[in-house]
Amino acid sequence: MKIIAIGMNYQLHCHELHAGEALPQEPVIFMKPDSALLKDGKPFFIPDFSVQVDYETELVVRINRLGKNIAERFAHRYYDAVTVGIDFTARDLQRKYRAEGKPWELCKGFDNSAAIGDWIPVERFKDIQQLNFHLDIDGKTVQRGYAGDMLFKIDQIIAYVSRFCTLKIGDLLFTGTPVGVGPVQVNNHLEGYLEDEKVLDFYIR
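Heads up: the sequence shown runs through residues 11 to 215, numbered per my numbering.
See below:
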């Protein structure tokens, strides 16, 4: 199982963290190892190598078929469930690595940096590209997203990624975060919602 993640997929988020940079012309792809997965409501422990770990709330889809060079018009056949996830980012390390022109996988791919909620079958929704999602921390909404605002839609991303690497059953696709990212603190209570249904619920330790 691999975790495929998309960076800079919402215009306002691009301006939030990358002011002055041009919007991407192709999906920005990075990977997380399977050891990054955090599920079943288990707590997230802030690692000792970072002083600023940020939440990035995202829609996550689950791949359910083997696929390579998938045409965009057929991409919807390759995922069967959706949830809300958190792409935890060691922001201080990311700034350091970017400034030095070095790869920044370590700030994204560390253990438990890919939290996911409960899966909901895609057939529950008329169009997952029209879904709303949000994150509450300690009972206050801190981030909202609408899948229709993605620069690159889910089916486009699947078609693009499958040109380079084979998608396998169980792979996860983190589709990018909207504007509103921020740091987590010990004892924060994170709750993620897909439309009005809570699918993600865990604490920061």
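Glycine included, C-beta positions come from ideal geometry on N, C-alpha and C. Remember, predicted model here, so these are calculated numbers, not experimental data.
Original post:
Cβ of residue 177 within 8 Å of Cβ of residue 88?
Top reply: In the sequence shown, residue 177 corresponds to position 167, counting from 1. In the sequence shown, residue 88 corresponds to position 78, counting from 1. Yes. Within cutoff.
Original post:
Run through DSSP, which three-state label would residue 134 get?
Top reply: Counting from one through the sequence shown, the residue named residue 134 turns up at place 124. Reduced to three states, the DSSP call for residue 134 is helix.
Original post:
Taking the alpha helix (DSSP H) that residue 168 falls in, what are its first and last residues?
Top reply: Start at 1 with the first residue of the sequence shown, and residue 168 comes out as number 158. Run containing residue 168: 164 to 174, per the alpha helix (DSSP H) assignment.
Original post:
Just how far apart, CA to CA, sit residue 102 and residue 109?
Top reply: Counting from one through the sequence shown, the residue named residue 102 turns up at place 92. Counting from one through the sequence shown, the residue named residue 109 turns up at place 99. If you take the alpha carbons of residue 102 and residue 109, they lie about 11 Å apart.
Original post:
Could you give the residue range of the beta strand (DSSP E) that holds residue 144?
Top reply: Here the question's residue 144 lines up with position 134 in the sequence shown. Residues 142 to 147.
**OP:** Quick one: grab the DSSP three-state call for residue 110.
**Re:** Position 100 of the sequence shown, counted from the start, is the residue given in the question as residue 110. Coil.
Original post:
Using the beta-carbon count (16 or more within 10 Å), is residue 72 buried or exposed?
Top reply: Taking the first residue of the sequence shown as 1, we reach residue 72 at position 62. It is buried - the Cβ of residue 72 has at least 16 other Cβ atoms within 10 Å.
Subject >> C-beta contact flag for residue 210 and residue 94 at 8 Å >> reply: Sequence index remark: in the sequence shown, residue 210 carries index 200 (1-based). Sequence index remark: in the sequence shown, residue 94 carries index 84 (1-based). It is a contact, given that the beta carbons lie within the stated cut-off.
Original post:
Roughly how many angstroms lie between the CA atoms of residue 37 and residue 215, to the nearest whole one?
Top reply: Within the sequence shown, the letter at position 27 stands for residue 37. Within the sequence shown, the letter at position 205 stands for residue 215. Each residue's Cα considered, the two are about 33 Å apart.
Subject >> Residues bridged to residue 86 [DSSP beta-bridge criterion] >> reply: Stepping through the sequence shown from its first residue, residue 86 is reached at position 76. DSSP lists no partner for residue 86.
Subject >> residue 65 beta carbon less than 8 Å from that of residue 200 >> reply: Start at 1 with the first residue of the sequence shown, and residue 200 comes out as number 190. Start at 1 with the first residue of the sequence shown, and residue 65 comes out as number 55. Contact flag set, yes.
**OP:** Spell out the partners DSSP gives residue 72 in its beta bridges.
**Re:** In the sequence shown, the residue the question calls residue 72 occupies position 62. Residue 72 is bridged to 91, 182.
Subject >> Where the beta strand (DSSP E) through residue 201 begins and ends >> reply: Locating residue 201 in the sequence shown gives position 191, where the first residue counts as 1. Residues 199 to 204.
**OP:** Enumerate in chain order the residues of its own chain whose CB-to-CB distance from residue 85 is below 6 Å, with the five nearest sequence positions on each side excluded.
**Re:** Residue 85 sits at position 75 when you count from the first residue of the sequence shown. Closer than 6 Å at the Cβ level, and outside the excluded window around residue 85, lie 165, 168, 169.
Original post:
In terms of residues, what are the limits of the beta strand (DSSP E) holding residue 27?
Top reply: The sequence position of residue 27 within the sequence shown is 17, counting from 1. Per DSSP, residue 27 belongs to no beta strand (DSSP E); it is in the alpha helix (DSSP H), 21 to 27.
Original post:
Could you give the residue range of the beta strand (DSSP E) that holds residue 233?
Top reply: Missing from the structure shown is residue 233; the chain here goes from 11 to 215 and no further.
Original post:
Where does the unbroken beta strand (DSSP E) through residue 42 begin, and where does it stop?
Top reply: In the sequence shown, the residue the question calls residue 42 occupies position 32. Taken as a continuous stretch (DSSP letters only), the beta strand (DSSP E) holding residue 42 covers 38 to 42.
Original post:
So residue 90 packs on residue 132, CB below 8 Å; how close in whole Å?
Top reply: Position 80 of the sequence shown holds residue 90. Position 122 of the sequence shown holds residue 132. Their Cβ separation, rounded to whole angstroms, is 6 Å, which keeps residue 90 and residue 132 in contact under 8 Å.
**OP:** Classify residue 161 as helix, strand or coil using the three-state DSSP reduction.
**Re:** The sequence position of residue 161 within the sequence shown is 151, counting from 1. Residue 161 falls in the coil class under three-state DSSP.
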